[in-house]
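Peer 1:
4 protein chains.
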Amino acid sequence: MARGLNKAMLIGHLGTDPEMRVTPSGQSVVNFTLATNESFKDSGGNLQERTEWHRIVAWGKLAEICNQYLKKGRQVYVEGRLQTRSWEDNKTGEKKYTTEIICSDMQMLGSGRDQGGQGYDNSTSYQQPASRKQSFGNNNPEESAPGSETEKDDLPF
Amino acid sequence: MARGLNKAMLIGHLGTDPEMRVTPSGQSVVNFTLATNESFKDSGGNLQERTEWHRIVAWGKLAEICNQYLKKGRQVYVEGRLQTRSWEDNKTGEKKYTTEIICSDMQMLGSGRDQGGQGYDNSTSYQQPASRKQSFGNNNPEESAPGSETEKDDLPF
Amino acid sequence: MARGLNKAMLIGHLGTDPEMRVTPSGQSVVNFTLATNESFKDSGGNLQERTEWHRIVAWGKLAEICNQYLKKGRQVYVEGRLQTRSWEDNKTGEKKYTTEIICSDMQMLGSGRDQGGQGYDNSTSYQQPASRKQSFGNNNPEESAPGSETEKDDLPF
Amino acid sequence: MARGLNKAMLIGHLGTDPEMRVTPSGQSVVNFTLATNESFKDSGGNLQERTEWHRIVAWGKLAEICNQYLKKGRQVYVEGRLQTRSWEDNKTGEKKYTTEIICSDMQMLGSGRDQGGQGYDNSTSYQQPASRKQSFGNNNPEESAPGSETEKDDLPF
DNA sequence: TTTT
DNA sequence: TTTT
């Protein structure tokens, strides 16, 4: 359960193809960068553009889906939580920090035609289970009875 | 899975105590209203206040927690999806519509001392599982190994 | 200023062309509907689809931009606040309620090629000023010095 | 105007009193850190707690309000955009990166009684103007109109 | 009434 | 460095 809210919501384009790896314990992780663009006027009244780059991390099945369907240039919606991790620079021994968005929901936007798409279903989205967050039963039990196989399928399409 | 985003996020105070019922199939549902307040200046420059009322619905364990811990006046954060349902007015036979927020995440805010609180843990929050939404594995499998008992407990405190 | 949070965030497709009108006081208003789609498995394990329809309202320049660039079928991101207004049914005299999203930010998504697009810049977004909300100076004054003409232009493209 | 969405939403407690400074050009800036807490069960099924720390930056009037009313320990809602800036470490000459949330909306939560509060209006919130974002007129001019009946009903149900 |  |  969260005690406090920690949420990031982004719409942007992938700057790189997703990079997939598998942890020693056998879990899938994917990393990619996402650019969000913003225009503003500077103090001289000239229209300027700023691009902000975000580091996205996804785990498990969501990682696999990102790896399979996302490509550099693809427009996506990403929702997740902010996480800053520290690591030691091998060369200097210094402690460094990186802030990442741990993705819990991803949606492909647009038609995918000019996005390097090759026949995927571009309007599908994917959401992580809330199992880590101490769940409290079904959201709407009229739709999904106890014992249904809802979560046992691997892929929804 | 969502195809598209449908999200509401509210911070406000309960206008009523939660009302709990159990469906014929044995599922818990809770309803309450939430007031969000906004101030603005009218065209005369005078500060005006507007209160917007929202109808909140929660299912399952989240319903039970709302029922147990929330009281009229309590300040909460509510996240959910918008849903408009129609029903027939018994007296006139007319079709009517109500828009509700189907709650998937709730957090109690503040210290609870002057909120009618009687000893509850005011900083706990609760989130629905994403089981209805075709999940894809654990959010961060390093923390919650396959086969762990994460979701088998009833209450997180 | 808001006292409380009242926010809706949607990604969906327009179900209708925007309908524009001008109020007696000369203000532009636009209305359109937005569909958000969600798939889920029913208790029998079958994939079901649900479409939720939302009523979107935009005012002022944002209304004009919606009117000019949006078309039925267009995929957009919409952010706004929930507002329920009541009106009297002319035929029955009954009081009725409608919940709408008062749009404060809109973005066109995708490439626009197969969306009825006719040469507009599809990646532009538009955001309402916060003038009604008791503002407190510039967000980042290094970028927009006092006295700059930031808000005097009508159209950003 | 944004082209793409870049939004962070946080509810947490200040880890430090806000630190205010004034830029050479005379603009106010405030910095503080915000802790968001999350509980989860580890793979052994034990309840663990994680605290995530966020660096918040506010400009202009919003900076002044944060400086005046916020204190270490205060619970707040913060909304803003993610921004990563780089700087050179004086000692090592290395390039380093920091991700901050440029605050555009802030709300004090709770009653403020045990939060070091000294008579401020604890339920006030503050929102930046959207002047940098190329605004398009009034959000809802019907509300600013003298004598409109829009807001006179109390309860919609 | 949208989209895939 | 916060909070419960």
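Chains A, B, C and D, in that order, are what the protein sequence lines are.
Heads up: the first sequence begins at 1 in the numbering used here, then just goes up one per residue.
Heads up: the second sequence begins at 1001 in the numbering used here, then just goes up one per residue.
Heads up: the third sequence begins at 2001 in the numbering used here, then just goes up one per residue.
Heads up: the fourth sequence begins at 3001 in the numbering used here, then just goes up one per residue.
Beta carbons: idealized from backbone N, C-alpha and C, even for Gly.
Please look up how many angstroms separate the CB atoms of C:V2057 and C:N2037, rounded, as I've assumed it's under 8 Å.
Peer 2: Actually they do not touch by this definition, with Cβ atoms about 21 Å apart.
Peer 1: Identify the contact partners of A:E94 in chain D, using a Cβ-Cβ distance below 8 Å as the criterion.
Peer 2: By Cβ distance, chain D contributes D3089, T3092, E3094.
Peer 1: Express the C-alpha separation of D:G3073 and B:G1110 in angstroms, rounding to a whole number.
Peer 2: Near 11 Å, if we compare the C-alpha coordinates of D:G3073 and B:G1110.
Peer 1: Please report the distance separating the alpha-carbon of A:R21 from that of C:S2039.
Peer 2: Straight-line Cα distance between these residues: approximately 29 Å.
Peer 1: State the CB to CB distance for the pair C:A2008 and C:R2081, rounded to an integer number of angstroms; the pair is presumed to be in contact (CB under 8 Å).
Peer 2: So it is a contact: roughly 7 Å between Cβ atoms.
Peer 1: Just mark A:G93 as buried or exposed, buried being the case when its beta carbon has 16 or more other beta carbons within 10 Å.
Peer 2: A:G93 is exposed by the Cβ-count criterion.
Peer 1: Would you verify that the beta carbon of B:M1009 is, or is not, closer than 8 Å to some beta carbon of chain C?
Peer 2: Yes, its Cβ sits closer than 8 Å to a Cβ of chain C.
Peer 1: Hey, how far is the Cα of C:G2012 from the Cα of D:E3100?
Peer 2: If I take the Cα positions, the gap works out to 30 Å.
Peer 1: Relative to chain A, which residues along the segment 1061-1085 of chain B have a C-beta separation below 7 Å, given in chain order?
Peer 2: The residues in question are K1061, L1062, I1065, Y1077.
Peer 1: Could you please give the first and the last residue of the uninterrupted beta strand (DSSP E) stretch that includes D:K3095?
Peer 2: Note, D:K3095: beta strand (DSSP E), 3095-3108.
Peer 1: To which residues of the same chain is C:G2060 closer than 8 Å at the C-beta, ignoring the five residues directly before and after it?
Peer 2: Hits under 8 Å: Q2027, S2028, Q2128.
Peer 1: In three-state terms, what does DSSP make of A:N67?
Peer 2: It is helical.
Peer 1: Taking D:M3106 as the reference, which of D:L3047, D:E3064, D:R3003, D:G3044 has the closest Cα?
Peer 2: Taking only the C-alpha atoms, the option nearest D:M3106 is D:E3064.
Peer 1: Within the 8 Å Cβ cut-off, does C:P2129 reach chain D?
Peer 2: So, interface residue.
Peer 1: I want to see whether chain D comes within less than 8 Å of A:R3, judged by CB atoms only; does it?
Peer 2: By this cut-off, A:R3 is an interface position.
Peer 1: Terminal residues of the continuous beta strand (DSSP E) containing C:N2046?
Peer 2: No beta strand (DSSP E) holds C:N2046; DSSP gives it neither H nor E.
Peer 1: Closer than 8 Å, CB to CB, is D:Q3107 near chain C or not?
Peer 2: At least one chain C Cβ lies under 8 Å of D:Q3107.
Peer 1: Looking only at its chain, what residues have a beta carbon closer than 6 Å to the beta carbon of B:E1049, apart from the 5 residues adjacent to it on each side?
Peer 2: Result list for B:E1049: S1039, in chain order.
Peer 1: What would DSSP say about C:K2007, mapped onto helix, strand or coil?
Peer 2: Three-state DSSP puts C:K2007 in a strand.
Peer 1: Under 7 Å Cβ-Cβ, which residues of chain B neighbour C:T2036?
Peer 2: The answer, in chain order, is G1004, L1005, N1006.
Peer 1: Determine the closest residue to A:V78 out of A:Q68, A:Y97, A:S104, A:D89, with distance taken between C-alpha atoms.
Peer 2: The shortest C-alpha separation from A:V78 is found at A:S104.
Peer 1: Thinking C-alpha only, which one of B:S1025, B:P1018, B:R1055 is nearest C:S2043?
Peer 2: The residue with the shortest Cα to Cα distance from C:S2043 is B:S1025.
Peer 1: Excluding the 5 residues flanking B:R1016 on each side, which residues of the same chain have their C-beta closer than 6 Å to its C-beta?
Peer 2: Just to set this straight, residue 1016 of chain B is Thr in the shown sequence, not Arg. The answer, listed in chain order, is F1032, T1033, K1072.
Peer 1: Suppose you measure from the CA of D:E3088 to the CA of B:Y1069; what does that come to, to the nearest Å?
Peer 2: So the two alpha carbons sit approximately 50 Å from each other.
Peer 1: Going by alpha carbons, who is nearest to D:L3005 out of C:N2006, C:G2004, C:Y2097, C:L2010?
Peer 2: Nearest option by C-alpha distance: C:L2010.
Peer 1: By the criterion of Cβ-Cβ separation under 7 Å, what are the contact partners of C:S2104 in chain B?
Peer 2: Under the 7 Å cutoff, chain B gives no residues; its nearest Cβ is about 12 Å from C:S2104.
Peer 1: Residue range of the beta strand (DSSP E) that A:Q86 falls in?
Peer 2: In the sequence as presented, Gln is not what sits at residue 86 of chain A; that position holds Ser. Note, A:S86: beta strand (DSSP E), 75-88.
Peer 1: Strictly under 8 Å for the Cβ-Cβ distance: is D:S3135 near chain C by that measure?
Peer 2: With a pLDDT of only 27 at D:S3135, under 50, the local geometry of the prediction cannot be trusted, and no value is derived from it.
Peer 1: Taking 8 Å as the threshold (C-beta atoms), are C:P2018 and C:N2090 in contact?
Peer 2: Not closer than 8 Å, so no.
Peer 1: Report yes if the CB atom of D:T3023 is closer than 8 Å to the CB atom of D:A3035, and no otherwise.
Peer 2: No. Outside cutoff.
Peer 1: Look at the alpha carbon of D:L3062 and the alpha carbon of D:L3014, and state the distance between them as a whole number of angstroms.
Peer 2: One C-alpha to the other measures close to 16 Å.
Peer 1: Does the CB of D:G3044 have a neighbour CB from chain A at under 8 Å?
Peer 2: It does not: the Cβ of D:G3044 has no partner Cβ on chain A nearer than 8 Å.
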